[in-house]
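Here's the structure we're looking at; comments come further down.
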Amino acid sequence: MTVGTTSVLVWLLPLAAAVVCTRLRSAALAHGFAAVVLAVATALAATMAFAVVGGTPVVGPHLTWLDLGSFTLGVGTYVDGMAAVMAVIVCALATGVLVFNAWYMHDDPQAARFPWQFCLFASAMLGVVLSDNLFLSFCCWELVGLGSYLLIGFWFDKPAAADDPAYQARKGAAARGVLEAQLSPAHAQLKAFVMNRVGDAGFLCGIGALLALSLQLGARGDVLSFANLAALPVADLAKASFLGCSGHALLVLAALGIFCGAVGKSAQFPLHTWLPDAMQGPTTASSIIHAATMVAAGVYLVARCYPLFPPEALAVVGWTGGFTCLLAATIACVQWDLKAVLAYSTVSQLGLMFVGLGAGSAAGGKDAAIAHLFTHAFSKCLLFLCAGAVIHACAGHQDLARLGGLRKRMPVVAYVSLAALLALLGMPLFSGFVSKDAILQVALANAQAAGGLAWGPFVLACSGSLLTAAYMLRWWLRIFGGEERDHDVTHHAHDPATSAKAVLLLLAPMTLALPRTIGHWLPLPHGDAHTPAMVTALALLAVGGGFAVWVFGLAEHSGRDVAAGLAKAAAPVHAACGELWGIDRLWNRLFARGLGCGVAAVVARCDLGSDDRLAGLEDPARSRSLSPSVDGLVDGLAAGCAQVGSSGASLHRGRLGVYLAVGVGVVAVLLLWCGGGF
Amino acid sequence: MGPLTACIVAPLALAAATSVAPPRAARWLALLGALLTLLVGGMAIADFAARPGADFRFVDSTPWSTAFGASFTFGVDGIGAAMLCLSGLITAIATIAAWQQDKWPRVYHALVLVLLAAMNGVFTSLDLLLFYVSWEMVLLPMLPLVGVFGGEQRRYAAMKFFVYTLAGSVLMLAMLIALWNATPREGRSVVVPHHVVAAHADASHGTLHGLPIDLGHDGPKQVHVPRGFDLRHLALQAEHWQGANFLGVTLAAFGFFAVLLACLVKIPAIPLHTWLPHAHVQAPTAVSVLLAGVLLKLGVYGLYRIGVPLFPQAAAAWAPALGGLGLAGILWGAWAALGQRDLKRLVAYSSVSHMGFCLLGLFSGTVAGATGGMVQAFTHGLSSGLLFLLVGVVYDRAHHRRVDGFGGLARPMPQFAWILLLGAMAGAGLPALAGFPGEFLVLGGAFTATGSFPWLGALATLSVVLSAAYLLWTLLRVAYGPLRHPEQAAFPDLDGRERLAAWPLAVLLVVVGLWPGPLVDALRPACELVVQTLQGGRP
Amino acid sequence: MIAFAEAFPLALVRPEAALCVGLFAILASDLGPGADRRRAGPWLGIAAALVAFLLALDAPSGAVGTMLAIDGPARLARLLILPLVALLLLAGAGERRHGTDSGAWSTAVVGVGLGALVTAASANFVSAWLGLEMLALAGYSLVAFRGGDRRAAEAGMKFVLFGGVVSGVMLFGISHVYGATGHLDFAGIGQAFANGAPTAAGVGLLLAGVGVAYKLTLVPVHFYAPDVYQGSPPLGVAVVSTLPKIAAATALVRFLSMAVPAPLVDHATLASAIAVLAAASMLFASFTALVQRDAKRIIAFSGIGHGAAVVLATACLPARDAAAAAGFYLLTYVGSNVGALVCLSVLERATGGSGLQALAGSWRRHPVVSGLLCLFLLSLAGVPPLAGFLGKWGVLQQAFAAGLGSATYATLATAALLFLLATAVSAWSYLLVVRAVVFAEPATPSAAGGGTVPFATKLALAIAAVATVGLGLWLDGLAVLAKAM
Amino acid sequence: MPELSPDRLDGYLLVAGVLFVAGVLAVTTRRSAIGVLIGIELMLNAAALQFAAYGKFSPSATDPQGQTAAVFVVVVAAAEAAVALALLFAVYRTFRDIDLDATRELRS
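Structure below.
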């Protein structure tokens, strides 16, 4: 079987599994079937990876989907090392998560629905990964959105947090900054989809720019294929124009458009607020969303389109990533919801990847970012699975203030999650060390090379990394370290069932930077900045980690609440972080209520008028008030006609004398007028 | 009698037959008429997909008036085939949706059949007078379908719909007559543009649109066009309309304005759209399905078939403004939909928004845009038809349509919720569903067009945000979350009839979304010709 | 006798004679005792009208002195008038309640028909005026036919007084024309104009035109129509709103084609003036109809608009086929208008009035008749493919052909555009009736069942309906009429 | 002021004109239906007079068209007056009034 065929199979097998699973009523059967198919896909992806990694990329089959004469839109696959490895990761993690989910949802009556939505999601992501053109990427990109929509809304009938007594009882002390009235799976899925769509609008403009650019430069056929885009005659750029930009600026515009899509999918500021809400879905769904699909898509897409990104666009990418990295990290530091910490951690790590991407290809930014994407995928997937296990074990409690000491009750989960966490922090010997180091290295190299503002992303990334070490250790220590805090919450806890444990244990080694593991499969950047970057990374880890161990481990062990003291000392900052810097509220007010509902209400009112008017349309007794609206104007026109008619009718009041007088009078006037003419 | 003539005659004959049929049998007659249309339309579209071409096929002519040169000439190109197919399909669905019509079933189904005949007449006639007659004839059955069978404010809605659309199209009558008057009695010789020769000339018979033409030489090809109303012949004389005078303006400018006005009202484009929410809200479910599914397409079709081919210069001159109007409709409609609290009105405004794409696409003057506009017209018929059906489903159960009067229906009515999700996603333009190809092609067309169109396209991308917002927010409020009205726990899920109406549309949404190739292949050559004509009109 | 036959070529006026015979037969049958015999009246009239129609089918052309001209328009008018008389009689034949099946009613209807025939064939102001008076006198009695009915009496009084005044004005004008030209016959007047005639003749013509305008209900001498129609029985309205229009229009066509006052006023100005008057009437009628609350008043304003449309067609004279367009317009108008009024007659009997409130929900009583009424009204509104559309088509076609051809006639094209505007506006007023009749619910829910519809009425409705639907696609009808002239 | 004499047309026309104007004034100002009827008769008679006068003085008229027309006018005026009076009587019977301002049930 050729690599091309394999790639198609890898992409479509999960889709087929999704279709089949919709017809399966039994949850166990569906999970089993889907897991087997995904495992097969993993194996196929692995063969593919062995074939292409280190070798030449393979162009798979390509079909023309639509032929528009001057250009075509196609469907096809393209497998290079990045795609193959990503496909393996997606399939492998998906298999693992699905097996884990079989246990996780063993008592959920809706569980049979999970596998097909999950497979659809995975398949869509594989489409993004393996696509050979930007159009197909966009399509699958959107389907990824659909998958996330379905999975986040898995428990679509759960009430909003504000109306949910169970949530209110469990939420703990510090669930602040969250809009509880809109915190439910149903709201979260909507928010995720619509915010992604904001990015997609930009993405479409980016595609449009590239389309216009290609056609104006004389390209024909499947102009949106990556091969064609890479081969655009950049020298002729000045001939093309789009949205008033031409030449280089046009390329920047196109790149920024694509990046806009990535900002949405990868939850970068300012479109990051959907991701924490997406925690409303099943934890297993979060696990795959945060690891290998959805959020990874953004980073992957930018990497895929990397040749198109000029330095100006990369600077925006880097700065956005750096800012998001720090912003999310500050928020993660003070979250009390165990999943929220992980969510903001993801946002922060994604920011880090964008910092890497922003460093530019000269510094090896793409390789660094992709490496971190891969390593992060495993660690974050494991962390979420562990979080799921904890939540499951503690009857839905996820308040860091009430958990504690669980390492004794659920050792497997505790140590697997510790491994994943250390990988995330970039501890030497763990995979994250390699990738995070690479990112800091390229950022530093870029900063050194470009100077000035290019230092920004590096500094921000360093600050974010510093905080990462602190808040992730805080997370682990609060859950697994120390002593039991709330007996009611934790006394039932135990490790999950064998199958789930097996998943955790099988995935855990992937977080290590051992020979032949994923961290060594990638072409990592090498350069002069390697050593300073490594030193910086280790220093950051030591300071951040040390701080956390001191505050949440040692100090707490000795009964001192250093954390509270610090919080009081830095009260304004602490409060702002706790309130998510007010961004959720502001966006809600500005976009959902203002630009969305507010403008909509005005438009609707301007269009049809007030409710009162609408209620009285057919009631002659109710005066059709001339409500200033488009429809009111139409009725006003009609009323004006009727007014003209009324004045005409006022001559017809039944008086014969008037009739005769008017008639004779008009005839007389005509007579005089015409008589003059004769 | 050819198949296309049968598509007009058969529904009329069946409508007459309802008067002698038993009341319960009328619906079968309506279904029969619709399926016949669907069959012919499907056949035609398959033919065009198999052998792409911009020529008119299945041409079929019966003399009407020798004095005026009018005839009952029917024929379809890819555009007509697609629309005919849509007309049959949606009418069949609407008939199934109204299967239990218990108020005057015979009258109701007879009216639907007359409506079907009129719609088919618009989509297939190649004679401008016949086109106009069919165009106006659509109003006749619609008046009672809304006014008699509709809801609370049906009288207001029906009258407004009727007079608004009638007023919109009166000028078209003047245009028709002026065109006829501007042709010499003995006809005239015209030079045929090359792309028209390429698309339409019949080399084996040496004819073009039924007129003898000498294809033997390399020079400019000439035909002698008789006086009459044959659309194809009128289009050949576009230069002359540009030269003729109509009360101080060129005949082309007046003619285009007349067609434009009629079509903009029908489409409907803002600010001429306000009849639509009333008509939709008051019409019975099945009529709403027909209205959104087919009737709105009449306007789009009119621009493709009459407006641009007959008056390319005027169309080209107006194109940027009309593209802007399309954009304005897209955004205004989307925002208005977001602000609605009545489900039907919401879907109605979504139609306003979606139909804006057709305008934007056509006037972008690109093949992708024009094809996309037509694809959008077709697929919007499917998705909005489905959404109206589903609104009807909840209305039948709850007897109201307030968005805030529902909540959590996915629990008692899972199948309803899934199909609603499908319809909403299709409406939101999700790839792999039917709403996507049209929107993408229109945007692609706008992006690659000249002038201000890329800006219009860029702004139109906002609709992907807004459409997701208003459709999925509606879904959230209706289907998701906890059950907000306990009595709705007992709502039954879709019954057999409702499934029969909804599933074909749902399946088609997926099929067309995944595989729009045949549709696009059938549409593209015809749209390409329209675009060439439009571009030929540019100074 | 022979001398009389020479002077008066009976062969030319056989249809008129046949109708005359019918008139006398009705009168004679009415003399006999017994109620049943009286019912023979309508059928005698129908028979006479049909015989006359058969005679008119292949009638020769010619002239009866300077008085009557049996030319194309006249023969066409016969073909319209005679079946119409039969249809009107048929519609009344089944209806006992208001005595429309009586000999008296039939006499009056046939009398109107006869007057219409005379007017339509008149080539002389005296015969034209006599024909119009004949129409009028019979018409007065039809309008006030419901004895003891306040409204009918008021309608009759307004009709007769208004008609009298118009008659006076017209005669005064005719006398001036006569004085100025020395002729009363159109040909002679035309000759005199060609030789140059004093201004007084123009003034006289204008005054004489008032009489024609009155019959065509042109603004500003339309005032009687709404009140008269509202008060009279619908079948009476059916008579006085159709036959006089045909007659007056035909006379107008003949006059304009025989005697254009060329030196006084050039043709373009005359045509423009007529077109302006017509457009003013249409607009006035369409707007004023919007606020009417009585179906018959709406029919009246509709009639004003339609009469104006016919006048607009005559403004296009002597263009080819303009007269045929006017004729076809009248044909379609007459079919739909009579149909609508017969429906209203049935509904009025069931509901007790023609006010929109009284008519509300009458579909519950007479669903089919209500539906047909809507059909007729939509035809009057000119919606294709119903008959009214083609009528409009012909007139517009003439007006645009004349108006777009040369700049001096541009007013005609503008008037045609205004005609379209008026059409759109007037659609609403027709819908007011439609709304009341088929959209609304009855004021009193119990009122169901409106009694049976007599067979003769059903037959009349069927004929009108067939004409309304069937004529709508008969595009060649215009050419056929043009040829028939 | 033209010289009035039986041999001159002007005098007849003047009388006819005065009669006509009087008639017009009567029909437009009288509130009583009878008054209007009288006005109509005045107008008709003005016309008849004018016909006869023109008939007599018209130089070209060899046949007595004008006079004939005048006779017709008289006859028809009588017929019309008869019908009008009958209708006025009908109105009086139902309304007990023939004031035109009172008899206006028919109106917009």
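Residue numbers (our numbering), protein chains in the order written: chain E, 362 to 1039; chain B, 1222 to 1760; chain A, 316 to 800; chain Y, -8 to 99. Ideal placement from N, C-alpha and C gives every residue a C-beta, glycine not left out. Remember, predicted model here, so these are calculated numbers, not experimental data.
- Contact between E/Leu374 and E/Val398 holds: their C-beta atoms lie close to 5 Å from each other, under 8 Å.
- A contact is defined here as three or more CB-CB pairs under 8 Å, and the stretch 506 to 516 of chain E fails this definition with respect to the stretch 383 to 401 of chain E.
- The alpha helix (DSSP H) runs lying completely inside the stretch 1314 to 1369 of chain B and spanning 4 residues or more are 1326 to 1345, 1349 to 1358 and 1360 to 1368, given in chain order.
- The bridge partners DSSP lists for E/Gly435 are E/Thr425.
- Taken in chain order, the members of the stretch 399 to 433 of chain E whose beta-carbon sits within less than 9 Å of a beta-carbon on chain B are Thr425, Trp426, Leu427, Asp428, Leu429, Gly430, Ser431 and Phe432.
- Distance check between E/Leu994 and each of E/Cys967, E/Ser1011, E/Asp972 and E/Gly1009 places E/Cys967 closest, using alpha-carbon atoms only.
- Taking 7 Å as the Cβ-Cβ cut-off, the stretch 1005 to 1028 of chain E approaches chain Y at Ala1010, His1013, Arg1014, Gly1015, Arg1016, Leu1017, Gly1018, Leu1021, Ala1022 and Val1025, given in chain order.
- Rounded to the nearest angstrom, the gap between the Cα atoms of E/Ala806 and E/Ala831 is 26 Å.
- Contact annotation: B/Leu1455 and A/Ala728 have beta-carbon atoms that are not nearer than 9 Å.
- Counting only the Cα atoms, B/Gln1561 lies some 55 Å from E/Glu844.
- Three or more beta-carbon pairs separated by less than 8 Å are not found between the stretch 1247 to 1256 of chain B and the stretch 1283 to 1300 of chain B, which leaves the two stretches without contact.
- Counted as a single uninterrupted DSSP element, the stretch harbouring A/Asp609 is not any alpha helix (DSSP H), since DSSP gives it neither H nor E.
- Per DSSP, the unbroken beta strand (DSSP E) holding B/Arg1409 starts and ends at Arg1409 to Val1413.
- With the criterion set as a beta carbon lying under 7 Å from some beta carbon of chain E, the members of the stretch 1686 to 1719 of chain B are Val1686, Ala1689, Ala1690, Leu1693, Trp1694, Leu1697, Tyr1701, Gly1702 and Pro1703, in sequence order.
- For chain E, the residues of the stretch 1361 to 1379 of chain B that bring a beta carbon within less than 9 Å of one of its beta carbons are Glu1373, Gln1374, Arg1375, Arg1376, Tyr1377 and Ala1378, in chain order.
- The continuous alpha helix (DSSP H) containing Y/Gly8 extends over residues Leu0 to Thr20.
- Between the stretch 710 to 728 of chain E and the stretch 802 to 817 of chain E, the count of C-beta pairs closer than 8 Å reaches three or more; the two stretches touch.
- Comparing C-alpha distances from A/Phe770 to each of A/Val661, A/Val425 and A/Phe570 shows the shortest one belongs to A/Val661.
- Residue state for A/Ala378 is assigned as strand, using DSSP reduced to three classes.
- Put simply, the CB of A/Gln607 is near chain E, with a gap under 9 Å to one of its CB atoms.
- Taking A/Leu450 as the centre and dropping the five residues before and after it, the same chain places the C-beta of Val427, Gly430, Ala431, Thr434, Leu558, Pro559 and Ala562 closer than 7 Å to its C-beta, in chain order.
- For the stretch 63 to 91 of chain Y, the set of residues with a beta-carbon nearer than 8 Å to any beta-carbon of chain E comprises Leu91, in chain order.
- Secondary structure note for E/Val774: its alpha helix (DSSP H) is the uninterrupted segment Pro772 to Leu786.
- Selection A/Val554, A/Leu627, A/Val441 and A/Ala696 evaluated against A/Pro398 yields A/Val554 as nearest (Cα-Cα).
- In terms of beta-carbon proximity, Y/Val27 lines the interface with chain A, with at least one pair separated by less than 9 Å.
- With fewer than 16 other Cβ atoms from the protein chains shown falling within 10 Å of its own Cβ, E/Pro526 counts as exposed.
- Taking the Cα of E/Gly442 as reference, the smallest distance to any Cα among E/Val896, E/Thr872 and E/Ala732 is reached at E/Ala732.
- Residues of chain E whose Cβ lies closer than 9 Å to the Cβ of Y/Ser99 are, in chain order, Ser1007, Gly1009, Ala1010, Ser1011, Leu1012, His1013, Arg1014 and Gly1015.
- For chain B, the residues of the stretch 509 to 520 of chain E that bring a beta carbon within less than 9 Å of one of its beta carbons are Tyr510, Leu511, Gly514, Phe517, Asp518, Lys519 and Pro520, in chain order.
- Of all residues in the stretch 525 to 553 of chain A, those with a C-beta nearer than 7 Å to a C-beta of chain E are Val525, Pro535, Val536, Phe538, Tyr539, Pro541 and Asp542, reading in chain order.
- Around B/Pro1492, the beta-carbon contacts reaching into chain E at under 7 Å are Val991.
- Within chain A, the residues Phe715 and Leu719 have their CB atoms less than 7 Å from the CB of B/Ala1399, given in chain order.
- When C-beta distances to chain E are compared with 9 Å, the residues of the stretch 10 to 26 of chain Y below that value are Val15, Val18, Thr19, Thr20, Arg21, Arg22 and Ala24, in chain order.
- The C-beta distance from E/Gly560 to B/Arg1745 rounds to 31 Å, too long to fall under 8 Å, and the pair is not in contact.
- Identification of residues in the stretch 31 to 54 of chain Y having a C-beta nearer than 7 Å to some C-beta of chain A yields Ile31, Met34, Leu35, Ala37, Ala38, Gln41, Phe42, Tyr45, Ser49, Ser51 and Ala52, given in sequence order.
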